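First the structure, in the form of structure tokens, and then the observations on it.
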Amino acid sequence: MNEIQKAAQLIQEGGLVAFPTETVYGLGADALNPYAVAEIFEVKNRPTFDPLIVHVADMRQAEILVAKFPDKALRLIEKFWPGPLTLVLPKSSLVPDIVTSSLPTVAIRVPDHPMALELIRESGRPIAAPSANLFGQVSPTTAEHVRKTFGNKIGMILDGGPCAIGVESTVVSFIGKEPLLLRPGGAPLEEIEALIGLVSVQVKSLDKPSAPGQLESHYAPKTPLFFGVPLGSFPIGKKAGLLALEKPLNPAPYAVIEVLSDHGDLREAAANLFAAMRRLDEKNLDFIWALPVPDQGLGRAINDRLAKASTKANY
Ligand code: TXA
Ligand code: MG
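Below is the structure:
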């Protein structure tokens, strides 16, 4: 048996398998096995009101789990699957409540990674998987990141190298009259809107912080992170780190600098983001400054993650 066959067998037996996708590593279980899915919440320390994404290999498998596909959703599927776009759609009765936090909807996508697809096909099961990190922390983009967090607490970790996209999938909901962006991510909003017209962006509701996808603090390193442009100088004796798209004009105030892309490329920056955050977090800094990037393409997802990682929402 090869590694993927072993992992597929584990999934069938109700175990947990971490696996690579093109966005981030997922922590997967058989989506149709409520006990296995419950263990994901337990291991991640994730509140059960935050529903999971179900990963399928193709449209045929999606059709079993979804009650109805609106036209615009089908148009997006044609272009983006396999790929970093998750759709929230009315669920079929087959999807267990624990997967969707008892919502009448299911979040679903076809990942664009050969190992993920083979795992789904070989196990013959749809795989429910959140990102393979502890709740609220930075998502993993390498197998090593997953190993550091979960070690042998999970059945198996499949290693597919670093994730090509590096930020999570874009989540679009088709539950209301018009499509709604719940989370910017690997599929750029501009490309989505080019296909289906304007998509509203869900505004954070502070009175309902527990609504899915709307949790305020997320993707956070342990070191306090400030997101914005620093005004004035830092307190003397404090060690600051900088996370920026390109080299800063004045590097002097920073003990450590992480440049996300030498030539300001937002795709490259997204791919480097989470690993750079983890490296800074290991440097014993007093704080990290993260500078906003242009709010377009993958930049939207980068700014969203940095804002949610920040110690105060608007510093
Ligand atoms: O790229 C990704 O999406 C990665 C890889 C592993 O596929 N997965 C991922 O999962 O980021 P997670 O659990 O970290 O984020 C899933 C997001 C959450 O914000 C959750 O609230 C939202 O999707 N979500 C899931 N089901 C939903 C539903 N039925 N309605 C609304 N939002 C939902
Ligand atoms: Mg996550």
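One rule links them: number in the working numbering = place in the sequence shown (from 1) + 293. We treat Cβ as the ideally placed atom computed from N, Cα and C, and that holds for glycine. Here the structure is a predicted model, which is why all the values come from computation and not from measurement.
So is residue i buried or exposed if we call it buried at 16+ other beta carbons inside 10 Å?
i, result
"residue 485", "buried"
"residue 529", "exposed"
"residue 422", "buried"
"residue 267", "Limits of the chain in this structure are 294 at one end and 608 at the other, which puts residue 267 out of reach."
"residue 407", "exposed"
"residue 328", "exposed"
"residue 416", "buried"
"residue 371", "exposed"
"residue 323", "buried"
"residue 474", "buried"
"residue 522", "exposed"
"residue 502", "Any reading at residue 502 must be qualified, since the residue scores a pLDDT of 45, below 50, and its modelled position is unreliable; the value itself is stated next. The residue in question, residue 502, is exposed, as its Cβ has fewer than 16 Cβ neighbours within 10 Å."
"residue 361", "exposed"
"residue 607", "Any reading at residue 607 must be qualified, since the residue scores a pLDDT of 40, below 50, and its modelled position is unreliable; the value itself is stated next. Under this definition residue 607 is an exposed residue."
Under 8 Å, do residue i and residue j count as touching if we go by C-beta distance?
i, j, result
"residue 443", "residue 311", "yes"
"residue 453", "residue 308", "no"
"residue 296", "residue 451", "yes"
"residue 381", "residue 462", "no"
"residue 527", "residue 603", "no"
"residue 379", "residue 402", "yes"
"residue 581", "residue 516", "yes"
"residue 318", "residue 400", "no"
"residue 570", "residue 538", "no"
"residue 583", "residue 599", "yes"
"residue 387", "residue 325", "yes"
"residue 458", "residue 551", "no"
"residue 568", "residue 393", "no"
"residue 365", "residue 472", "yes"
In angstroms with no decimal places, state the Cα-to-Cα distance between residue i and residue j.
i, j, result
"residue 337", "residue 373", "28 Å"
"residue 479", "residue 524", "31 Å"
"residue 455", "residue 409", "14 Å"
"residue 305", "residue 531", "51 Å"
"residue 470", "residue 432", "32 Å"
"residue 299", "residue 418", "14 Å"
"residue 488", "residue 546", "45 Å"
"residue 390", "residue 477", "25 Å"
"residue 303", "residue 354", "20 Å"
"residue 411", "residue 420", "12 Å"
"residue 534", "residue 363", "46 Å"
"residue 439", "residue 565", "16 Å"
"residue 356", "residue 464", "18 Å"
"residue 343", "residue 333", "12 Å"
"residue 542", "residue 348", "43 Å"
"residue 398", "residue 540", "44 Å"
"residue 494", "residue 430", "24 Å"
How about residue i: is its Cβ closer than 7 Å to a heavy atom in ligand 1?
i, result
"residue 439", "no"
"residue 329", "no"
"residue 442", "no"
"residue 319", "yes"
"residue 386", "no"
"residue 344", "yes"
"residue 348", "yes"
"residue 462", "yes"
"residue 407", "no"
Closer than 7 Å to a non-hydrogen atom of ligand 2 - does that hold for the CB of residue i?
i, result
"residue 423", "yes"
"residue 432", "yes"
"residue 335", "no"
"residue 539", "no"
Closest Cβ-Cβ distance between residue i and chain B: below 8 Å?
i, result
"residue 531", "The chain inventory of the structure shown lacks chain B, comprising one protein chain alone."
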